[in-house]
Amino acid sequence: MNTKQLNFYPKLKSVLGIGYRNELLDIMQKIPRIVRKNMYETYMNIYLLYVSVVTQPSNTTYSALDIRNNKNKLNEHLSALIGFLYSEHVGFSKRDSYTYSIGFIKIFSHFALLHNTTLNNYKLSDRSETPDELVCIKIFSSLGFNKELFSYYSGWHYQDKLGNQRQLHLATIFDSYGEKFTSYIHSGINNFTQTLKRDTARNVVNNLILLMNEFAKHCTTLEKLEHSLKAENSTVFMEGIYNSLLFQVMINGNDVKTFHLQWTAIVSHFTQCFIDTNVFEDPIKPFLIPSFKEPVDNEHCISIGGKLSKKEEDRWLVNMPLEIKDEEVLNLIHEQVNRDLKHIRIISHKLYKEMSNRHKRNMEYINSGQVKPLPQKGLRLQGYPIGINNLDNVIATFYHYGFGVGGVSSKTGFLGFSGEGDLLLKELNLPNISTLNTIVSLLVLEHPKITPAWLQDWELYDKNRNQVGFKQVGKQWVAVSFKNRKGASIAQQEIVLNDYSKSIVMLLIEHTRYVRDKLKEQGGSDWRYMMLKASLNKPERPNDLGHALSHQSVYHKSLIVNSYCVNPQNSPYKNTNKPFSFIYKIHPKVINQVLTKNEAKDLAVIVTPRSIRKARALQIYLETRSLKAVAEALGHKDVDFDMLESYLPKPLMDYFNQRWIRQFQNAIIFEALKESPFLFDALDFDENSLEEFLCNHGLKELPTNLEQVKTCTVNEDNQSIIDNIDELVFTLTTPLFQVLIAIQTMMESASQHDVFKPIVERWHQAAIFILSHFSLDGKATNYRRPDKELIPLYKAALDNPLDVNCFKENLLCH
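Per my numbering, the sequence shown starts with residue 183, numbered consecutively.
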C-alpha cells in the first residue's frame, strides 16, 4: 500500500467527523517519533483507509462515539486496526506493520487517557508472529471489510515504454463519472504512455489528470461531460476550461507564461491520447491555444543556465562596495567564484580519491575476508571477528550475501556496526547520494554542459545491451546522453571527455557495478542507467536525480572544512600528491588557504549540480568576457549577437542594473543633502568612501543636447529638433519618478525670490524631458511613447508624491 497516493482520494476527507479528526491530530503532535519524522499525514491516511473500509462502510462520518467511553469497544477497534495492518491485503512489510502498529498503540493510549479508560497490553514483534498479532488478525477478519472499496483505494497504474509502473490518480474521475468511464479513461491513458519514455509519460499523465479533474468541476454528471465533448461543443467547452485554469493561476500568483506553455502541452496530450484514438470526437474548430507574449528580455544579456537563487546572489553578488568601479566589482566577483569552485574541486577530488582507494581495497577484501555464517536458532557464533577493526570480514560477508544479507533483519548489528549505518554504507563503498554528488560535482566542473536532466537519462547500455553511454570515438572518449527539451532531432548530446573526466566516469562505472548486477537480476530496465544508488537494503535508480542531489547530504558536510592549495609560482610541489602538512613543514610559503571552515559552511548550503554549472558559466564569462564562450561551454545553440563581447550574462546584468540604480539614487541624495548633518545617515556608504564614490559615480554635467530640450515643447512643430537628439538611457524606477515629479512641481510653483542650487536647474531639464513622454497630447503621434512596463511605475509615483515643501527646503540656497 502506497500511503502517499491516498492524498488523491477526495472521499477520504469526509470519513471522520471534524472534531474527532482534530482530536487525533492533536494527539499525534504529542508523540515525539511521529512529530520528528513528520508522519502525521501517513498515520492519518492509514487510519482513514481503515475506517472507510472496515468501521464505516456507509457514507456517514465516523465520530468515534462508540469507543470514547467503552473500554471493550476501544480495544476491539484498535485490535482490528492492528490486524488490518498485518493483513495480506494492505501489503506492508513485517517491519512496516510493526512500526505503524506501535505508533497507533501510542496514539490510542493518549486517546484512552483523555477518556478515562485503558488499553490492553499488546505484545508485538517485527521478526516473528506473536499470539497478540494472531488475535488482532482474527478480530479484523471477523469484522470483514469492503473489498470493493479497498480495491478502489488501491488505485490505478500506468506503464511507460520500458515497463516502469507508476500510480495514476483517477479517484476524482471515478467519483464523478463511475467505474465504466474510469476504466475507459484508464485504458486510453495507459495505451498512450506505453509509447513514451518515463519522464515524458509522467508529464503527460500530470497534464491529463489536471485536465480531467477540471472536467469534473464543470460537468457534474457523465451525461453533461459527454455532451460537452461532442464535436460541435468541445471547442467552447475547452475554452471555458482554459479560462478557469488561467484564473486559478492568476489568483494563486503563479507564472502565467508557464501556464500557457503547459496549456499547449495539455491540448496536445489530450488530442493524441483521446481524439486521435477516437475516444472522443474531433472538434469542428481547433481548440483555443493562445500565444503568450511577454516583454522581450534585455537584449544585452544571456542566460547562464538558470536564475541565481537568493543564496547564490548573497554568495557571489553582495557586499560589493558601492563606491568602487564596475571593473573592480567584476574582479571581486571573479575572485569569489574562483575560490568557491576551487574549494569544491579540492574537496571533491579528495573524496573521489578516497572512493577509488576504498573500491580497490574492497576488491581485495572480498577475496581475502572471512564470511560470517548466518545466525541459527540456539547456536551462538564464535570465531568470526567483524566490525570496524575487521573490515575484510565485513566486506566479504556483505558481498557474499548481498542486500538481503540472508534475511538478517539488523544488518548493522550482524556486521558489527550497530547504530552506525552511515559508516557501514561508507566502508562498503555502495553508491549513494553523497558519492554520486562527489562524482557529479567533478564532472560538471569539467564539463558545464552536463545538466541533471542529462544525468537522469544517461544510459550506460541500450536495450540490446550495447554500451552506448561511454565509448571511444577515434582517439577520444565521449559520454552520451539526452537533453529531451531540445527536441528529438538534437536531443542527443555528446560530452568529449578529457583524461581526468574519463577516469571519473570509469570509477562511476566500477562504483555502480555491483548495484547494476543486482538490478539486472531483478529484471526491469533500471540496470542500464549510469546513475544508480543503494541503501543497505536494496539497489535502485533515483527517480528525480536533480532533486536528490540538491538535498544536503554527507557530501555537503564534507565540504565544511578549511581548504588549501599549492601556490603554483616557483613551487616544486605543484604537480605532487604529497599532503599539505608535509609541504607546509618544508615550504610553508607555497601553501595558500582557499576557504576557511566558516566560509565553506556558507558555501556548502548552495552547492548543487545546477549551482556549480551557473558558477562555471560566470567564471568562464569573467575570464573570457565572451558570451559565445559561455554558450559553447553550456551546450547552448550559437548566440547570434552583433558585438557579442559587449553583452552580460543575465544575473550580472540584473545585478548591475540594481547597482546602477543605487549609485544614481545615492548621487541625487548627496546633491540634495550635502550641506545637511544627516547626509551619511541617508547614504549607503560612510564618509571615508565619499571621495571615491563621487570620483567614480557622482553626477556630472548633463549632456549638451539636453540644452536643446530646455526650450523644446513636445509637438509637431519642433519634431525635427527632437529627431536630431542622440539617444539617452535612463534607468527608471518609481523613486526616481517621484523625485523628477517633485522637481518639476517645485520649479513650476516657485516664486521669483526662490534661489535653488545649480544642480536643480539641470535636473529640472531632465525631468521635463523624461516626464514629457508620459503626458503626450494628440499632436505628438510620431513621438516615441514610453514602454508599457514603465507606465505602472509612473502611475505609482503619481499616486504617492513626495512632500514638495520638505523636498524644496533641502534644495534652496540659504
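Every residue gets a Cβ at the ideal spot worked out from N, C-alpha and C, and that includes glycine.
Owing to the predicted nature of the structure, the values given are computational and were not obtained by experimental measurement.
Residue 715 is classed as buried because its beta carbon has at least 16 other beta carbons within 10 Å across all chains shown. In the DSSP assignment, residue 664 falls within the beta strand (DSSP E) that extends over 658-664. If one requires a minimum length of 4 residues, the alpha helix (DSSP H) runs lying completely within the segment 219-266 are 222-232, in chain order. Per DSSP, the beta-bridge partners of residue 339 are 349. Residue 654 and residue 628 have their alpha carbons spaced roughly 18 Å apart.
Cβ-Cβ separation between residue 611 and residue 735: approximately 16 Å, too far for a contact (criterion under 8 Å). Residue 941 and residue 871 have their C-alpha atoms some 22 Å from each other.
The shortest CA-to-CA distance from residue 207 to any of 737, 286 and 248 is the one to 286. With the rule of 3 Cβ pairs closer than 8 Å, the segment 500-513 counts as touching the segment 858-877. Cβ contact annotation for residue 332 (same chain, cutoff 7 Å, sequence separation greater than five): 235 and 271, in chain order. Taking residue 299 as reference, the option from 308, 254 and 508 with the minimal CA-CA separation is 254.
The Cβ atoms of residue 351 and residue 190 lie closer than 7 Å to each other.
Taken through DSSP and simplified to helix, strand or coil, residue 379 comes out as coil. Under the Cβ criterion (8 Å, minimum of three pairs), the segment 336-347 does not count as touching the segment 304-312. Membership of residue 284 in the alpha helix (DSSP H) is indicated by the continuous run 276-296. If you look at residue 653, you'll find it in the beta strand (DSSP E) that goes 652-655.
Scanning 615, 645, 543 and 746 for the CA closest to the CA of residue 532 turns up 746.
The distance from the Cβ of residue 370 to that of residue 461 is about 5 Å, consistent with a contact at the 8 Å cut-off. Here residue 330 is exposed: its Cβ has fewer than 16 other Cβ atoms, across all protein chains shown, within 10 Å. At the C-beta level, residue 630 and residue 816 come within 7 Å of one another. Counted as a single uninterrupted DSSP element, the beta strand (DSSP E) harbouring residue 678 occupies residues 674-678. Excluding its 5 nearest sequence neighbours in each direction, residue 441 has C-beta neighbours in its own chain below 6 Å: 431, listed in chain order.
Looking from the CA of residue 494, the closest CA among 869, 793, 988 and 836 belongs to 793.
CA-to-CA, the gap between residue 388 and residue 398 works out to about 16 Å. Taking every protein chain shown into account, the CB of residue 842 has fewer than 16 other CB atoms within 10 angstroms, so this residue is exposed. Minimum Cα-Cα distance from residue 778 among the listed residues 498, 192 and 525 corresponds to 525. In this structure the segment 715-734 does not lie against the segment 644-661, because fewer than three pairs of beta carbons, one per stretch, are closer than 8 Å. Look at residue 810 here: in three-state DSSP terms it is helix. For residue 984, there is no enclosing alpha helix (DSSP H), as DSSP gives it neither H nor E. Per DSSP, residue 444 is one residue of the alpha helix (DSSP H) stretching across 438-452. By the criterion of a C-beta distance shorter than 7 Å, residue 690 is surrounded in its chain by 621 and 712, once the five residues flanking it on both sides are discounted.
For the set 439, 686, 459 and 678, the Cα lying nearest the Cα of residue 538 is the one of 686. One alpha carbon belongs to residue 740, the other to residue 954, and they sit about 60 Å apart.
For residue 585, the three-state secondary structure derived from DSSP is coil. The Cβ atoms of residue 788 and residue 497 lie closer than 7 Å to each other. About 16 Å separates the beta carbons of residue 948 and residue 989, which is beyond the 8 Å limit, so they are not a contact pair.
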